[in-house]
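Residue numbers (the working numbering), protein chains in the order written: chain A, 25 to 350; chain B, 13 to 536.
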Amino acid sequence: MFILRFLARRLFQGAIIVFLVSALIFTLLRVVPGDPVRLMAGGMAPEALIDQIATEMGLRDPIYVQFGRYMGGVVHGDFGESFVRPANGAAVGGASFNDSTRSERAKVLDLIAQTAPKTIQLALLAMVFALIIAVPIGVWGGLNPGKLPDRLALYLSSVFVSLPNFWLGIVLALLLSVKLNLVPAIGYKGFAYTILPAFVLAIEIAPFIIRNLSVSVAGVMGQTFIDIARVRGLTRNQIVFRHAMKNSAVPLLNLLGVQFSMLLGGVLVIEFIFDYPGLGLLTINAVMQRDFPLIQGIAIVTAAAFVLINIVVDLCATAIDPRLDY
Amino acid sequence: MDRRKFLRYGAMAGAAFAAPRINPDFFFTAARAADVRPLTFLSAENITGNWDPTSHTTLSQSNIEGFVMGFLTRAPMRPETPDEVIYELATSIREIDAHHLEIKLREGVSFHDGKPFTAADVKATFEYGAQLDRPKQVYPGPTDTFEVITPDDYTVIIDTSKGGYGASLFIFLASYLPILSAKDVAEGSKGALTQRLNGTGPFKFVEQRGNDTVMEAFPGYFKGAPKIAGVTFSFVGDATTRMLSLMNGQADVIERLEPEQVETLEKDANIKLSRLVSVENKYLWFRCSKPPFNDPRLRKAAAHAIDRDMIMEVMGSAGQASSNYVSPIKFGYFDIPNYPKYDPEECQRLLAEAGFPGGQGLPEIEYITSTGFYPKTKEYGEVITAMLQEQGFPVTLNVMEVAAWNERLYDRPGGGPGHMVDCGWSTGSPEPDLVLRTHFHSTSKRICGIEDPEIDAALDAERNAESLEARKQSLQTNLMPMLADKVPALSLFTSVLIHGMRKDVEELFIYPDGLSDASKTTLG
Chain A
25 MFILRFLARR LFQGAIIVFL VSALIFTLLR VVPGDPVRLM AGGMAPEALI
75 DQIATEMGLR DPIYVQFGRY MGGVVHGDFG ESFVRPANGA AVGGASFNDS
125 TRSERAKVLD LIAQTAPKTI QLALLAMVFA LIIAVPIGVW GGLNPGKLPD
175 RLALYLSSVF VSLPNFWLGI VLALLLSVKL NLVPAIGYKG FAYTILPAFV
225 LAIEIAPFII RNLSVSVAGV MGQTFIDIAR VRGLTRNQIV FRHAMKNSAV
275 PLLNLLGVQF SMLLGGVLVI EFIFDYPGLG LLTINAVMQR DFPLIQGIAI
325 VTAAAFVLIN IVVDLCATAI DPRLDY
Chain B
13 MDRRKFLRYG AMAGAAFAAP RINPDFFFTA ARAADVRPLT FLSAENITGN
63 WDPTSHTTLS QSNIEGFVMG FLTRAPMRPE TPDEVIYELA TSIREIDAHH
113 LEIKLREGVS FHDGKPFTAA DVKATFEYGA QLDRPKQVYP GPTDTFEVIT
163 PDDYTVIIDT SKGGYGASLF IFLASYLPIL SAKDVAEGSK GALTQRLNGT
213 GPFKFVEQRG NDTVMEAFPG YFKGAPKIAG VTFSFVGDAT TRMLSLMNGQ
263 ADVIERLEPE QVETLEKDAN IKLSRLVSVE NKYLWFRCSK PPFNDPRLRK
313 AAAHAIDRDM IMEVMGSAGQ ASSNYVSPIK FGYFDIPNYP KYDPEECQRL
363 LAEAGFPGGQ GLPEIEYITS TGFYPKTKEY GEVITAMLQE QGFPVTLNVM
413 EVAAWNERLY DRPGGGPGHM VDCGWSTGSP EPDLVLRTHF HSTSKRICGI
463 EDPEIDAALD AERNAESLEA RKQSLQTNLM PMLADKVPAL SLFTSVLIHG
513 MRKDVEELFI YPDGLSDASK TTLG
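Below you can see the structure in the form of structure tokens.
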């Protein structure tokens with residue numbers, strides 16, 4: 025029963041967060057300059073037609089009325105249709121206003137469903153790479169506080185965090201893809217296309233994991249139960265891998281949860297550079313084209329994912345440390 | 013159940029659900045292409061989402077049509093043989109008299125949907141493409157000004173007596189208009205025409221997959237099946253990304269190279285470059301339907317403030333100097349003697365004459381340009397802005413991403429956004445009216461919005477000329493000098509189309525409008 029109460033409480037809190045995010049995004053989109061109807065109707069459309077279309081679509085109603093109507097659709101699973109994208113999902117440019125032959129618009133949920141798995145794949149692989157890079161460095165640094173490994177972890181973290189991801193992306197694409205021909209870099213035609221952008225993202229998030237791990241491992245290694253473990257005759261490996269790392273995992277888990285959520289919404293630059301057809305590229309195009317329903321849909325889905333990931337992270341944390349109570 | 017058990021059981025259920033769905037190929041299939049692979053073409057521009065070829069003037073989509081659609085003739089328009097015409101769906105075109113043109117059609121050709129190609133398709137295409145509501149309306153006149161007669165399945169006679177203009181105008185249009193299926197046209201708006209391409213060209217449209225347009229070789233192509241498996245035409249917005257794709261072999265052809273990229277790619281032994289003087293001129297369009305550029309003196313003053321030699325320095329190998337409103341490879345081109353030259357004194361004189369001495373009293377002027385599609389627009393836009401400011405024009409440059417610029421491009425009632433707009437215009441035919449009439453006749457005025465009875469009359473006069481020679485004379489002695497005097501736009505230079513391609517791409521023919529013929533192309 026406890027689990028049900030926990031889930032009900034957290035999901036209710038999550039729903040409020042998603043609602044607030046939706047309201048904020050919805051309002052902001054409508055107060056910034058740029059008329060989406062102009063994009064829909066085409067560059068040559070007269071103002072009267074723009075007003076007519078906007079009125080028909082309810083875009084001239086008060087914002088709270090528009091928001092109420094939109095949320096009514098969302099709770100029924102209807103995120104609306106893209107203002108500009110056709111059903112095949114292509115990024116499109118302008119057209120003429122009086123052309124009656126324009127194609128059907130794509131459903132927002134379909135566009136998100138097509139792209140989100142690619143971004144999740146990218147984010148997961150980035151996390152795996154980040155852990156492969158950061159765990160040895162961070163644990164080694166934590167086991168030797170103040171010594172060379174600790175300083176090395178600090179220096180490496182500083183270097184990694186200072187590298188702009190767009191620069192690193194281009195340099196690695198040039199080196200690993202163009203010169204050495206090891207991995208493909210641009211677009212997506214299979215899993216291999218995820219490796220390079222994931223590696224760039226991993227370099228970006230590894231410093232946080234390294235610092236978090238080295239600090240928490242160093243802290244745990246100073247605890248009394250570690251001293252007692254030595255007295256109990258446990259080997260150093262047993263102490264590190266069965267006790268120290270497990271106790272250091274809870275703060276790391278929370279960090280990974282936050283990082284993963286940020287990756288889902290924060291891969292814009294990397295997806296643009298690598299032309300990776302995920303949520304990030306979709307978001308960039310949606311923003312540039314003032315595609316309100318798509319921006320709103322992506323914001324709601326990302327916020328919901330953020331909430332759900334954090335619930336899972338909390339569940340995992342209590343699985344590792346039963347003393348925790350959320 | 014506690015949280016640990018919930019999590020454990022949840023993970024087990026998830027793993028059990030996912031296991032049968034794992035496809036080992038997902039991880040282990042070679043990322044590199046197989047032996048028989050399609051040609052990958054990366055484009056700098058997005059498409060419109062409507063496959064009707066008459067629904068747009070978007071270059072990237074026209075490039076796709078170049079692979080799929082068939083044309084009556086093709087005009088390679090090479091500088092050494094500008095008048096060369098290659099017959100494709102037509103086998104001959106003959107002027108019966110000034111108002112009648114006879115086109116004989118190729119037999120045994122079929123559309124990708126299996127329907128045989130006949131004169132009915134040409135009739136339907138001409139009549140539909142000339143309708144006034146088509147965004148890519150084809151001139152010389154709307155549908156009610158000519159008649160298309162089809163005495164048999166393979167003969168078309170065009171009668172322009174109703175419109176009063178020469179039927180020879182359709183000779184140049186034959187290489188511009190992709191031939192549609194009469195069946196598709198008959199379905200009307202929201203029919204098959206908008207949903208997919210159906211042509212007689214070497215490649216068959218398969219699907220639009222996100223930003224990838226997928227085409228496969230059409231075995232029944234009348235000139236013989238293509239040697240490559242197909243063409244994948246993709247929109248990739250970032251120029252660096254396109255170049256990296258070419259360098260690592262993921263792309264076979266990329267377009268619109270920047271001069272700096274040319275320098276990099278010239279050093280790469282795996283890459284070759286194609287340079288072509290194009291049919292595209294780049295223009296500075298003035299919004300002629302609203303102040304301040306509704307006054308021709310101010311347009312002319314602005315034109316005299318711009319030193320086009322400086323722009324050519326910025327463009328480097330991506331531009332060629334020209335002094336006309338059409339490209340040097342178009343019919344009727346010559347260096348217009350009164351084409352506005354850099355002349356600060358004349359600029360100041362005109363400013364004073366218009367009531368704005370030294371530019372004082374002029375309203376804020378917005379100059380809209382794009383970045384990411386045309387080479388160097390931002391760079392030479394800054395040069396033009398500085399030169400105009402030097403003469404007293406209060407100009408602000410607004411550099412936009414392509415989609416946003418595209419949205420602001422065209423004229424609207426009361427004048428479009430901004431006061432000056434940068435844009436090129438490219439049409440795959442020697443026909444000059446595809447530029448001149450499109451932009452400067454008051455029934456069209458796509459970007460500049462000019463409505464001038466004198467220009468209309470000059471356009472009608474050259475169109476109605478009885479022979480090509482008379483038409484050329486009318487263009488060169490009347491219309492073109494008039495445009496140079498009224499300056500509804502300033503043609504800055506002629507674009508040089510630079511494509512980069514992998515060394516193993518052979519026999520890819522690129523037309524001066526950017527369309528390609530890959531019917532004989534081989535890869536490695």
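Where a beta carbon is used, it is the ideal one built from N, C-alpha and C, also for glycine.
Collapsing the DSSP output to three states places A:L206 in coil. By the beta-carbon neighbour count (other beta carbons within 10 angstroms, threshold 16), B:Y21 is exposed. Look at the region 415 to 436 of chain B: the residues with a C-beta under 8 angstroms from a C-beta of chain A are A415, A416, N418, E419, R420, L421, Y422, D423, R424, P425, G426, G428.
Taking CB atoms only, A:R109 has a neighbour in chain B less than 8 angstroms away. Only I194, A197, L198, S201, V202, N205, V207 from the region 193 to 207 of chain A bring a Cβ to less than 8 angstroms from some Cβ of chain B. If you look at B:H316, you'll find it in the alpha helix (DSSP H) that goes 308 to 317. No residue range can be given for B:K342, since it is assigned to no alpha helix (DSSP H) and is classified by DSSP as neither H nor E. Around the C-beta of B:G461, 16 or more other C-beta atoms lie within 10 Å, and the residue is accordingly described as buried. B:A330 and B:I510 have their C-alpha atoms spaced approximately 7 angstroms apart. Within chain A, I194 have C-beta atoms less than 7 angstroms from the C-beta of B:T252, given in sequence order.
The C-beta of B:N336 comes no closer than 8 angstroms to any C-beta of chain A. Straight-line spacing of the CA atoms in B:D529 and B:P147 works out to 25 angstroms. A direct Cα-to-Cα measurement between B:A333 and A:A154 gives close to 53 angstroms. In the DSSP assignment, A:V337 falls within the unbroken alpha helix (DSSP H) covering 316 to 344.
Using a 10 angstroms sphere on the CB of B:V265, the tally of other CB atoms reaches 16 or more, which defines it as buried. By the Cβ-count criterion, B:K135 is buried, with 16 or more other Cβ atoms from all chains shown falling within 10 Å of its own Cβ. Under the three-pair Cβ rule at 8 angstroms, the region 224 to 237 of chain A does not count as touching the region 252 to 265 of chain A. Residue state for B:N336 is assigned as coil, using DSSP reduced to three classes. Rounded to whole angstroms, the separation of the alpha carbons of B:G404 and B:Q372 is 7 angstroms.
Distance from B:G428 to B:R299 at the Cβ level is roughly 6 angstroms; contact confirmed, criterion being Cβ atoms closer than 8 angstroms.
Burial check for B:A30: the Cβ neighbour count within 10 Å stays below 16, so the residue is exposed. Along the length of the region 260 to 316 of chain B, whole beta strand (DSSP E) runs at least 3 residues long occupy 283 to 298, reported in chain order. For A:F223, no CB of chain B lies under 8 angstroms from its own CB, so it is not counted at the interface with that chain.
Among the residues of the region 218 to 233 of chain B, those with a Cβ less than 7 angstroms away from any Cβ of chain A are Q220, G222, N223, in the order of the chain.
Taking C-beta atoms as the reference points, B:N62 and B:T206 count as a pair closer than 8 angstroms. Contact between B:L535 and B:L51 holds, since their C-beta atoms are separated by about 7 angstroms, short of 8 angstroms. B:T389: member of the alpha helix (DSSP H) spanning 389 to 402, first to last residue. At least 8 angstroms separates the CB of B:V134 from every CB of chain A. Residue contact with chain B for A:Q313: present (Cβ-Cβ distance below 8 angstroms to some residue of chain B). The residue among B:S122, B:G430, B:E518 with its C-alpha nearest the C-alpha of B:L409 is B:G430. Excluding sequence positions up to five before and after B:K498, its CB lies within less than 6 angstroms of the CB of P308, all in the same chain and listed in chain order. In the displayed model, A:T139 falls within a helix according to three-state DSSP. With distances taken between CA atoms, B:T253 lies nearest to A:S201 out of A:S201, A:Q138, A:P160, A:R175. For A:M151, same chain residues with a beta-carbon under 8 angstroms away, outside a window of 5 residues either side, are A226, I229, L280, Q283, F284, L287 in chain order.
Approximately 17 angstroms separates the beta-carbon atoms of B:G440 and B:A142; this is outside 8 angstroms, ruling out the contact. In this structure B:R458 touches B:D423 by the C-beta definition: roughly 7 angstroms separates them, less than 8 angstroms.
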